[in-house]
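Going by the working numbering, the sequence shown opens with residue 13, and the numbers climb by one from there.
Every residue, glycine too, gets a C-beta built ideally from N, C-alpha and C.
As the structure is a prediction and not an experimental result, all values here were calculated from the model.
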Amino acid sequence: MEDKAAEIKLLILDVDGVMTDGRIIVNDLGQEIKYFNVKDGLGLRLLMKAGIDVVIISGRKSKTVEYRAKGLGIKEVYQGIEDKESLCNKLVKKTGLNRNQVCCMGDDLPDIPMFNQSGFSIAVADAVTEVRDAADFITENRGGKGAVREVCELILKARGAWPDAVSSFTSGEK
């Protein structure tokens, strides 16, 4: 897995069940609330700082996802996507990357076709059986509970970029 992780230049993430725990809370005003993990967010920022692009592809549409992506600095967000495989294929062609440089992370059936467009497919620990069976790697952590951070660290460590990613936090410099 380390060899596959070391090649990654693009991480494509599903949202519900990957970046969140899959719960969608709707209040009395019809406003949607999702829970995101702050450690996942820092992991994504460290990954992007190391030059690895991050793209979000979700089958649902949510303003909450737009806000979270903007806060993290993720520029490419695609929502309401039914055909994730075609979009992944277009993204791979647009970037000029080969599939071995693309990692897709999912949790449910609509994410399996994305795996066909990537060289490294990852299922969160609580993904449905079919997704876990289709994945190259299964995280120890559940969606929304550190699974994204786990993958960010895996990629950065495999590329030898982890020490640089954490140095500003551990060097004692202010």
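Residue i - DSSP class collapsed to helix/strand/coil
| i | result |
| --- | --- |
| TYR47 | coil |
| MET117 | strand |
| GLU165 | helix |
| LYS186 | Because LYS186 carries a pLDDT of 45, less than 50, the predicted location of this residue cannot be relied on, and no value is offered for it. |
| LEU41 | coil |
| VAL143 | helix |
| GLU88 | strand |
| ALA17 | helix |
| VAL27 | coil |
Residue i classed as buried or exposed, judged by whether at least 16 other C-beta atoms fall within 10 angstroms
| i | result |
| --- | --- |
| THR141 | exposed |
| ASN95 | The residue you asked about is not Asn; residue 95 is Asp in the sequence shown. Exposed, since its Cβ has fewer than 16 Cβ neighbours within 10 Å. |
| ASP123 | buried |
| LEU121 | exposed |
| GLY63 | exposed |
| VAL30 | buried |
| VAL160 | buried |
| GLY85 | exposed |
| GLY158 | buried |
Residue i to residue j span [Cα, whole Å]
| i | j | result |
| --- | --- | --- |
| LYS61 | GLY172 | 14 Å |
| GLU97 | ASP52 | 24 Å |
| VAL143 | ASN101 | 19 Å |
| LYS87 | ALA177 | 21 Å |
| PHE127 | GLY42 | 33 Å |
Best match in the options for proximity to residue i [C-alpha to C-alpha]
| i | options | result |
| --- | --- | --- |
| ALA146 | GLU152, ARG154, SER133 and LEU23 | SER133 |
| ALA81 | SER179, ILE24, ASN153 and TRP174 | ILE24 |
| LEU103 | VAL178, GLY85 and VAL66 | VAL66 |
| TRP174 | LEU109, ASN128, LEU56 and THR151 | LEU56 |
Cβ shell of residue i (< 6 Å), same chain only, five flanking positions each side left out
| i | result |
| --- | --- |
| ALA139 | ASP119 |
| MET13 | PHE149 |
| GLU162 | THR151 and ASN153 |
| THR182 | none |
Chain-order list of residues whose beta-carbon lies under 7 Å from that of residue i (same chain, five-residue window excluded)
| i | result |
| --- | --- |
| TYR47 | THR32, ASP33, ARG35 and GLY156 |
| VAL77 | VAL27, ILE68, SER70, VAL89 and GLN91 |
| GLY131 | LYS16, GLU19, ARG111, ASN112, GLN113 and VAL114 |
| VAL38 | GLU44 |
| LYS21 | ILE64, ASP65, LEU109 and GLN113 |
Contact set for residue i: own chain, Cβ-Cβ below 8 Å, skip 5 residues either direction
| i | result |
| --- | --- |
| LYS73 | GLN91 and GLY92 |
| ARG154 | ASP33, VAL136, ALA137 and ASP138 |
Min CB distance residue i to chain B below 8 Å
| i | result |
| --- | --- |
| PRO175 | The structure shown contains no chain B; it is built from a single protein chain. |
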